[in-house]
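Data block below; observations after.
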Amino acid sequence: MAIIEHEDKEVLKKWGMGLESILEHCHFCRKPTPYWHTNTNNPVCQECAKTHRVSELPDYGQRVRAMKRKERANAGINRSREAASG
Ligand SMILES: [Zn+2]
């Protein structure tokens, strides 16, 4: 599979919940990995990404994609709130 993203530690640090030190476990080999497959929202290490297909992953992505759409909408609202109170 092609689309693997690296956890952005700087972004996670900004969230301030210690998330930058948490590694998820690869869906296939259970090794801790900072990589994941975005569309299905599964942690997948680089090695397994080379040897496995997207169709082998459960698709948690539908829900996540819906959530992200909501988040983007909310983020827009928050930004305008901050501007108003700032
Ligand atoms: Zn793996």
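Note that my numbering numbers the sequence shown so that position 85 is 112, with each residue one more than the last.
Backbone N, C-alpha and C define an ideal beta-carbon position, used for all residues, glycine too.
Across which residues does DSSP place residue i in a beta bridge pair?
i	result
residue 59	52
residue 33	62
Indicate the three-state DSSP secondary structure (helix, strand or coil) for residue i in the structure shown.
i	result
residue 66	coil
By how many angstroms is the C-alpha of residue j removed from the C-alpha of residue i?
i	j	result
residue 43	residue 49	12 angstroms
residue 68	residue 103	23 angstroms
residue 78	residue 58	15 angstroms
residue 93	residue 66	11 angstroms
residue 53	residue 63	8 angstroms
Compare the C-beta of residue i with all C-beta atoms of chain D and state if any pair is closer than 7 angstroms.
i	result
residue 101	As a matter of chain content, chain D is missing from the structure shown, which is built from one protein chain.
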